[in-house]
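Reading through the structure tokens given below for one structure.
There are 2 protein chains.
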Amino acid sequence: MYEGVVQDLIDELGRLPGVGPKSAQRIAFYILQTESYDPTRLAEVLTTVRDKVRFCEICGNVSEQPTCSICRDPRRDQSLICVVEEAKDVVAIERTREFRGLYHVLGGAISPIQGIGPDQLRIRQLMTRLSDATVREIIIATNPNVEGEATAAYLSRMLQAMELRVTRLASGLPVGGDLEYADEVTLGRAFEGRRLVG
Amino acid sequence: MYEGVVQDLIDELGRLPGVGPKSAQRIAFYILQTESYDPTRLAEVLTTVRDKVRFCEICGNVSEQPTCSICRDPRRDQSLICVVEEAKDVVAIERTREFRGLYHVLGGAISPIQGIGPDQLRIRQLMTRLSDATVREIIIATNPNVEGEATAAYLSRMLQAMELRVTRLASGLPVGGDLEYADEVTLGRAFEGRRLVG
């Protein structure tokens, strides 16, 4: 609908996930008409990001060095590994400041529909990390959905034979949430996982 | 939260309108992890778009040449000018294929709250276009909201003295909409603008 480069900009913005045609148009006009916005900064980052960013050789987290800042940090508890699906889950957990161990990023979850089996995930690399006796506990922190649960079940079977504590993050009512609006599965899990008070 | 360039990418994406921190993170990981996506194409467009795109000297529409493709088209009806707020309104109207005249893009609407008065809009340029007698009708197609109505009222006062037909797009019920869900003002306008049937 637009002439040349304006349409190119709208098309390229529309390729980004979650950016529909209307948003792409709105962003394009913002870029064109906002004097104070400098589009070359985003352009520069887009040009360099793929070359600069690699994935940590140990845990698979994003990093600008061969190993990530968490794996390099000697103060982290080397006996604990928290297994997550994606690098963004690492950031979410780090924000809680509750966990001082190491991570292992699988790069997804088992999903037959999407053609993702155990071999597409970084499970072999996890096994390699467990070959010496440093690690005592594996905390499985995959998502509490069908794919995440399947992955957790697969991992716990794989790890059963080893001398390890294997744990899973608790499921239950979200803090600050409303019992009335909880779905049946979550409410059921909250009952299953109920704890003694006092 | 992320190391270096990944955080830079998230920050820059987050500067775009309508892209919150979560979306910025999701887009950043998509860019990093999707082999088939080439981020250099967006980078190139972002680098060149500001230099290539100018605004039509006549109507203010976006263009890669001094005048836009609509103003250059001799088949368009030179006696009709449709006045809109933004260049994207031109595209919306072109999509209807109902209008074969010319446009005039104001570059916004009168909004005392945002400090936009008539002098910040391309109203003077519109008056210049009306200096010869080619134009017979001005269709005011500003948005049907407070700012758009104020701008329409201002324009119609300005144009009153001239030998011109000045019209305003009809307000009423959206086609395909539900009467029950129409707001009072829209429903009131639909009554005001009612037409004889048959």
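Residue numbers (the UniProt record's numbering), protein chains in the order written: chain A, 1 to 198; chain B, 1 to 198. We put the beta carbon where it would ideally sit given N, CA and C, even for glycine.
Report task. Please classify GLY107 (chain A): does DSSP put it in a helix, a strand, or coil? Result -> Looking up residue 107 (chain A) in the first sequence gives position 107. Three-state DSSP puts GLY107 (chain A) in coil, outside helix and strand.
Query raised in the report: By how many angstroms is the C-alpha of ALA43 (chain B) removed from the C-alpha of PRO112 (chain B)?
Result: Stepping through the second sequence from its first residue, residue 112 (chain B) is reached at position 112. Stepping through the second sequence from its first residue, residue 43 (chain B) is reached at position 43. Going from the Cα of PRO112 (chain B) to the Cα of ALA43 (chain B) covers about 37 Å.
Query raised in the report: Span of the alpha helix (DSSP H) holding VAL91 (chain B)?
Result: In the second sequence, counting from the first residue as 1, residue 91 (chain B) sits at position 91. Start and end: 87 to 96.
Requested in this report: Would you tell me roughly how many angstroms separate the C-alpha atoms of ALA161 (chain A) and ILE27 (chain A), rounded to the nearest one?
Outcome: Locating residue 161 (chain A) in the first sequence gives position 161, counting from the first residue. Locating residue 27 (chain A) in the first sequence gives position 27, counting from the first residue. Distance between the alpha carbons of ALA161 (chain A) and ILE27 (chain A) is about 53 Å.
Query raised in the report: In whole angstroms, what is the alpha-carbon distance linking TYR30 (chain B) and LEU16 (chain A)?
Result: Start at 1 with the first residue of the second sequence, and residue 30 (chain B) comes out as number 30. Start at 1 with the first residue of the first sequence, and residue 16 (chain A) comes out as number 16. Distance between the alpha carbons of TYR30 (chain B) and LEU16 (chain A) is about 8 Å.
**Report entry** Where the beta strand (DSSP E) through ILE10 (chain B) begins and ends
**Finding:** Counted from its first residue, the second sequence places residue 10 (chain B) at position 10. No beta strand (DSSP E) contains ILE10 (chain B), which is instead part of the alpha helix (DSSP H) from 4 to 14.
Query - Proximity below 8 Å, CB of ILE139 (chain A) to CB of CYS59 (chain A) - result: Counting from one through the first sequence, the residue named residue 139 (chain A) turns up at place 139. Counting from one through the first sequence, the residue named residue 59 (chain A) turns up at place 59. Taking 8 Å as the Cβ cut-off, ILE139 (chain A) and CYS59 (chain A) do not qualify as a contacting pair.
Query raised in the report: In chain B, what lies closer than 7 Å to GLN25 (chain A) by C-beta?
Result: Sequence index remark: in the first sequence, residue 25 (chain A) carries index 25 (1-based). Ordered by position in chain B, the residues that pass the 7 Å Cβ test against GLN25 (chain A) are LYS88.
**Report entry** As assigned by DSSP and simplified to three states, the class of ARG165 (chain B)
**Finding:** Here residue 165 (chain B) refers to the residue found at position 165 when the second sequence is read from its first residue. In this structure, ARG165 (chain B) counts as strand in the three-state DSSP scheme.
Query - According to DSSP, residues forming a beta bridge with SER63 (chain A) - result: Locating residue 63 (chain A) in the first sequence gives position 63, where the first residue counts as 1. In DSSP, SER63 (chain A) forms a bridge with A:ARG54.
Query - Distance, ASN143 (chain A) Cα to PRO144 (chain B) Cα - result: Residue 144 (chain B) sits at position 144 when you count from the first residue of the second sequence. Residue 143 (chain A) sits at position 143 when you count from the first residue of the first sequence. The straight-line gap from Cα to Cα measures roughly 46 Å.
**Report entry** Where LEU187 (chain A) sits in the DSSP three-state scheme
**Finding:** As a first step, residue 187 (chain A) is located in the first sequence; it is residue number 187 there, counting from the start. Note: LEU187 (chain A) maps to helix in three-state DSSP.
Query raised in the report: Cβ of VAL105 (chain A) within 8 Å of Cβ of VAL84 (chain A)?
Result: Working through the first sequence from its first residue, we reach residue 105 (chain A) at position 105. Working through the first sequence from its first residue, we reach residue 84 (chain A) at position 84. Result yes, Cβ atoms of VAL105 (chain A) and VAL84 (chain A) sit closer than 8 Å.
Query - Own chain partners of ILE10 (chain A) with C-beta closer than 7 Å, once the 5 adjacent residues on each side are dropped - result: Along the first sequence, read from residue 1 onward, the residue named residue 10 (chain A) stands at position 10. Around ILE10 (chain A): TYR2, ALA24, GLN25, ALA28.
Requested in this report: Anything in chain A within Cβ reach of THR40 (chain B), meaning under 8 Å, just list it in chain order.
Outcome: Counting from one through the second sequence, the residue named residue 40 (chain B) turns up at place 40. Within chain A, the residues near THR40 (chain B) are LEU46, THR47.
**Report entry** Nearest residue (CA-CA) to GLU137 (chain B), options B:ARG54, B:ARG194, B:GLY101, B:ASP8
**Finding:** Walking along the second sequence from the start, residue 137 (chain B) turns up at place 137. The shortest C-alpha separation from GLU137 (chain B) is found at B:GLY101.
Query raised in the report: Straight-line CA distance for VAL45 (chain A) to GLU149 (chain B)?
Result: In the first sequence, the residue the question calls residue 45 (chain A) occupies position 45. In the second sequence, the residue the question calls residue 149 (chain B) occupies position 149. Cα to Cα, VAL45 (chain A) sits roughly 42 Å from GLU149 (chain B).
Query raised in the report: Name the residues in the segment 92 to 110 of chain A whose C-beta lies less than 8 Å from a C-beta of chain B; which are they?
Result: GLU94, ARG95
Query raised in the report: On the three-state DSSP scale, how would you describe GLU35 (chain B)?
Result: Here residue 35 (chain B) corresponds to residue number 35 of the second sequence, with the count starting at 1. GLU35 (chain B) falls in the coil class under three-state DSSP.
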